[in-house]
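A short worksheet on the structure shown next.
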Amino acid sequence: MEANSSRPTKLYELLLLLLLVFSVLLLSLNPCESLDIDPQDKASLLLFRSGVQDPSRSLSAWSGSNCTNWTGITCSSDSSKVISVNLTSMNLSGDIHPSLCNLSSLESLALARNSFAGTIPPCFGSLYSLRTLDLSHNRFGGALPDTISRLGNLRELILSWNQDLGGLMPPWIGNFSDQLEKLDAGFNSFHGEIPESLLYLKSLRYLNLENNNFGGSLRDFQQSLEILDLGSNSLSGTLPCFSACSGSLSVLNLADNYIVGGIPTCIASLEALTHLNLSHNQLSYKISPRLVFSEKILVLDLSFNDLAGPLPSKIAEATEKGLILLDLSHNQLSGEIPSKLTELKSLQALFLSHNLLTGEIPSRIGNLTYLQVIDLSNNVLSGAIPLNIVGCFQLLALILNNNNLTGVIQPELDALSGLKILDISNNKISGEIPQTLAGWKSLEIVDLSSNNLSGTLNDAITKWSNLKYLSLARNKFSGNLPSWVFTFQAIRMMDFSGNNLSGIIPDSNFNLSLYYNNRDFARQPGNISLVSMATVGIKVHVVVAGTNEVRLNYDIVAAVGIDLSGNMLHGEIPSGLFGLEGLEYLNLSYNILTGRLPDLEKMRSLKALDLSYNSLSGQISENVSGLEDLTVLDLSYNSFSGYISKKQGFLRFPGAFAGNPNLCVESSSGVCGQESVPIMPGKTFQEEMVEGPISLSVFLLSAAITFYISIVSLFCSARARRYILETKL
415 MEANSSRPTK LYELLLLLLL VFSVLLLSLN PCESLDIDPQ DKASLLLFRS GVQDPSRSLS
475 AWSGSNCTNW TGITCSSDSS KVISVNLTSM NLSGDIHPSL CNLSSLESLA LARNSFAGTI
535 PPCFGSLYSL RTLDLSHNRF GGALPDTISR LGNLRELILS WNQDLGGLMP PWIGNFSDQL
595 EKLDAGFNSF HGEIPESLLY LKSLRYLNLE NNNFGGSLRD FQQSLEILDL GSNSLSGTLP
655 CFSACSGSLS VLNLADNYIV GGIPTCIASL EALTHLNLSH NQLSYKISPR LVFSEKILVL
715 DLSFNDLAGP LPSKIAEATE KGLILLDLSH NQLSGEIPSK LTELKSLQAL FLSHNLLTGE
775 IPSRIGNLTY LQVIDLSNNV LSGAIPLNIV GCFQLLALIL NNNNLTGVIQ PELDALSGLK
835 ILDISNNKIS GEIPQTLAGW KSLEIVDLSS NNLSGTLNDA ITKWSNLKYL SLARNKFSGN
895 LPSWVFTFQA IRMMDFSGNN LSGIIPDSNF NLSLYYNNRD FARQPGNISL VSMATVGIKV
955 HVVVAGTNEV RLNYDIVAAV GIDLSGNMLH GEIPSGLFGL EGLEYLNLSY NILTGRLPDL
1015 EKMRSLKALD LSYNSLSGQI SENVSGLEDL TVLDLSYNSF SGYISKKQGF LRFPGAFAGN
1075 PNLCVESSSG VCGQESVPIM PGKTFQEEMV EGPISLSVFL LSAAITFYIS IVSLFCSARA
1135 RRYILETKL
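So the number in this note's numbering is just where the residue sits in the sequence shown, counting from 1, plus 414.
Structure (structure tokens):
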């Protein structure tokens, strides 16, 4: 019994002993307080710091001898020598002192995302142990020094986003290190042809030369590349098959070049391909029915080419985790949209705009339950918007403008409660806006213009509380202008022109809209000419993240304005409307407005004012000419009276007062002159808006909202991709 009772005690002592030994081992393995930085390396780093501007005091911890306390510095536990310097995103600038090159054991040097300038120090070529050199996102310029060719152990050379770094890419770039796996020289200023040595570097897996000025014919690569980005250069020739990469290439970006010919079917043999961008080239001919990509393809962009013929009924294998973004927009594709396209169940963004597509929208489009963006604009599609589209319950943007669509807006469409962008303008859609659409509370961009819509402006619209842009122009809406039209807090532009609206302009609370009332909030930087105003639109950012999901964001670029022209509004103009200091554009022309012109001195952002073809009377205040940003003024064909002298500065608005017989405008000779008539009486509102000095297209979002897609950052990680889709007139 005694022997048995002593056994637990011995086991307990043994466990304590093992725990003590284990603790000692942990202490000995910890790169801890006892790890002192090599004195020579310490002196070199301090000398380097002396030439650096460090406003954020990121390097203030560089003191003492404990290497672990030095921000961004890693030392070898064996020799105490510095083996890694990582100063990424520390807001540093200034010169790089040559003492940094005295770190003889350095294996990794990362100075990315700072503001270092000048040329790349030639002494970097003496860091023979270097495996990673990252100088991206700085302000380096000049040529790549030839001394870099001495770094025979280099595996990663990252030079991207140094806009002034360029010249000819040195011919040794592909043979100085047989271990080089990654070369990133995107968004630089290199030109000439891509060095032939890069075509045969067997170790190379990642090559990014996008956004440079490389020219010459596109050549085939002879190694197992995984990522190849040559977008936004001046490469010509035809597409090679990239046969050596058939089992490895996952990302291929050749967008924005001058590549011609057809798309060879061998491209679909790249079995690992997940992202393919051939947009903005000169590709032509039909898309072969044998061009069918594997289930691994996630993003396929063939937009902005000259591809013709019918849409292929099958372009990728239909799986639950397959293609999520398909862009065939801005081509010459014709025929109907094949119903088999609705079998791509994983699709989240579909762009077929600016083609010659006919027929109806496939009735089974609602099968694409993951769809978030649909753009079928600028085609010749007919028929009604299929009710089945409510199956796309995650839809954020529905763009169908500039087609021949008919029918009515069906009440059941309220199921698309997440919509942010709706554009069905320039079609033949009729009927009223259903009350059920009050459920569209997420709407921010709405364009229903140039249809046959009728009825009154019902209260369903008031529920669209997040509106930034609303156009109901050129329809057949009637009834009084409701008081809620000026109650949207985020509104930038509203357009009710070219309808049959009557009554008075409601004297509402005009202080709600942030854009209408805040000059700094609304004002665009710099001087905006009429030409630049014509480039209004929206920029939509679509992020394809590692979770294979699309995230939609956008930036609206439009004048801050109100257009009530071409209606039957009467009565006086509310004075509150002329107290909006953020308003840039106001068009009340072609109505029956009476009374005097209110004081305009608060409208300090006003760029264009059109009150023509009304019955306004009284004198014109001098403060109108004092509006510094005012570019276009039209007060013609009213009943204004009084005297306007040259000193008032109205001469910069020729023809602004035509058709006011009781108005005396001082001429160059000092007497009352007859104002020239800028617009022929009798023209319709629509004709004037096309031909007159204040064109509606100058100030409003185009009825044709179109997206184009480009990769902004394909290679931020193996699975993260960013695309920009931009709407333009």
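The beta carbon of each residue, even a glycine, is placed where N, CA and C say it ideally should be.
All values derive from a computational prediction rather than experimental measurement.
Local Cβ density within 10 Å of residue i, reported as buried at 16 or more and exposed below that
{"i": "Pro703", "result": "exposed"}
{"i": "Thr652", "result": "exposed"}
{"i": "Ile1163", "result": "An answer regarding residue 1163 cannot be provided, because it is not within the stretch 415 to 1143 covered by the chain."}
{"i": "Ala1117", "result": "Its pLDDT being 32, under 50, Ala1117 is placed unreliably by the model, and the measurement read from it follows with that caveat. With 16 or more other Cβ atoms within 10 Å, it is buried."}
{"i": "Pro776", "result": "buried"}
{"i": "Leu770", "result": "exposed"}
{"i": "Ser631", "result": "exposed"}
{"i": "Pro1068", "result": "exposed"}
{"i": "Asn763", "result": "Per the sequence shown, the amino acid found at residue 763 is Ala instead of Asn. Per the 10 Å Cβ criterion, buried."}
{"i": "Ala475", "result": "exposed"}
{"i": "Gly645", "result": "buried"}
{"i": "Gln786", "result": "buried"}
{"i": "Ile738", "result": "buried"}
{"i": "Asn1037", "result": "exposed"}
{"i": "Ser753", "result": "exposed"}
{"i": "Met1017", "result": "buried"}
{"i": "Lys855", "result": "exposed"}
{"i": "Asp873", "result": "exposed"}
{"i": "Asn914", "result": "exposed"}
{"i": "Gly1073", "result": "buried"}
{"i": "Arg545", "result": "buried"}
{"i": "Tyr930", "result": "buried"}
{"i": "Thr783", "result": "exposed"}
Coarse secondary structure for residue i, derived from DSSP in three states
{"i": "Glu709", "result": "coil"}
{"i": "Gly661", "result": "coil"}
{"i": "Gln1062", "result": "helix"}
{"i": "Lys616", "result": "coil"}
{"i": "Pro1092", "result": "Reliability of the predicted coordinates at Pro1092 is poor, the pLDDT of 43 falling under 50, and the value obtained from them is presented with this limitation in mind. Pro1092 falls in the coil class under three-state DSSP."}
{"i": "Pro724", "result": "strand"}
{"i": "Cys680", "result": "helix"}
{"i": "Glu685", "result": "coil"}
{"i": "Leu597", "result": "strand"}
{"i": "Glu757", "result": "helix"}
{"i": "Val974", "result": "coil"}
{"i": "Lys735", "result": "coil"}
{"i": "Asp861", "result": "strand"}
{"i": "Val794", "result": "coil"}
{"i": "Asn962", "result": "coil"}
Boundaries (first-last residue) of the alpha helix (DSSP H) holding residue i
{"i": "Asn931", "result": "928-931"}
Range of the contiguous beta strand (DSSP E) that encloses residue i
{"i": "Lys456", "result": "Taken as a continuous stretch (DSSP letters only), Lys456 belongs to no beta strand (DSSP E), being part of the alpha helix (DSSP H) at 453-464."}
{"i": "Ile641", "result": "641-643"}
{"i": "Arg553", "result": "553-557"}
{"i": "Cys489", "result": "487-489"}
{"i": "Asp468", "result": "It is not in any beta strand (DSSP E) - Asp468 carries neither H nor E in the DSSP assignment."}
{"i": "Gln746", "result": "746-750"}
{"i": "Gly606", "result": "603-607"}
{"i": "Gln636", "result": "Run containing Gln636: none; DSSP gives neither H nor E here."}
Nonlocal neighbours in the same chain, by C-beta distance under 6 angstroms from residue i, ignoring five residues either side
{"i": "Trp575", "result": "Ser550, His551, Phe601"}
{"i": "Gly606", "result": "Leu582"}
{"i": "Lys596", "result": "Glu570, Tyr620"}
{"i": "Ile918", "result": "Gly985"}
{"i": "Leu742", "result": "Leu716, Leu766"}
{"i": "Glu858", "result": "Lys834, Asn880, Lys882"}
{"i": "Gly853", "result": "Asp828, Ser831"}
Own chain residues within Cβ distance below 8 angstroms of residue i, not counting five before or after
{"i": "Pro585", "result": "Pro609, Glu610, Ser611"}
{"i": "Thr1008", "result": "His984, Gly985, Glu986, Asn1028, Ser1029, Leu1030, Ser1031"}
{"i": "Ser864", "result": "Ser839, Asn840, Asn841, Ala887, Arg888, Asn889, Ala1117"}
{"i": "Leu449", "result": "Asn480, Cys481, Thr482, Cys489, Ser491, Ser494"}
{"i": "Thr561", "result": "Pro536, Cys537, Phe538, Gly539, Ser540"}
{"i": "Ser648", "result": "Asn627, Phe628, Gly629, Asn671, Tyr672"}
{"i": "Val674", "result": "Ser650, Gly651, Thr652, Asn695, Gln696, Leu697, Ser698"}
Residue i Cβ short of 8 angstroms to the ligand NAP heavy atom set
{"i": "Ser611", "result": "For the structure depicted, the ligand NAP is absent and the ligand set is empty, with no information on it obtainable."}
Proximal residues to residue i (C-beta, below 7 angstroms), its chain only, five neighbours per side dropped
{"i": "Cys659", "result": "Phe635, Ser638, Leu639, Leu684"}
{"i": "Val794", "result": "Leu770, Leu771, Thr772, Asn817, Asn818"}
Contact with chain C by residue i, beta-carbon distance below 9 angstroms
{"i": "Pro536", "result": "Absent from the structure is chain C; it holds one protein chain and no more."}
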